[in-house]
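Residue numbers (this note's numbering): 35 to 72.
Taking it in order: structure first as structure tokens, then the write-up.
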């Protein structure tokens, strides 16, 4: 698996990131809140 670094948020699946935060557990953060932070 290749790792790619990017300075763009294009292509981020915000709902998947929300689920990842919940599963990690890193708290309950909405997709909209995560968009604001990133």
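Backbone N, C-alpha and C define an ideal beta-carbon position, used for all residues, glycine too.
The three-state reading of DSSP puts residue 51 in helix, counting H, G and I together.
Rounded to whole angstroms, the gap between the alpha carbons of residue 68 and residue 45 is 14 Å.
Cβ-Cβ separation between residue 36 and residue 51: approximately 20 Å, too far for a contact (criterion under 8 Å). Here residue 58 carries a coil assignment [DSSP, helix/strand/coil].
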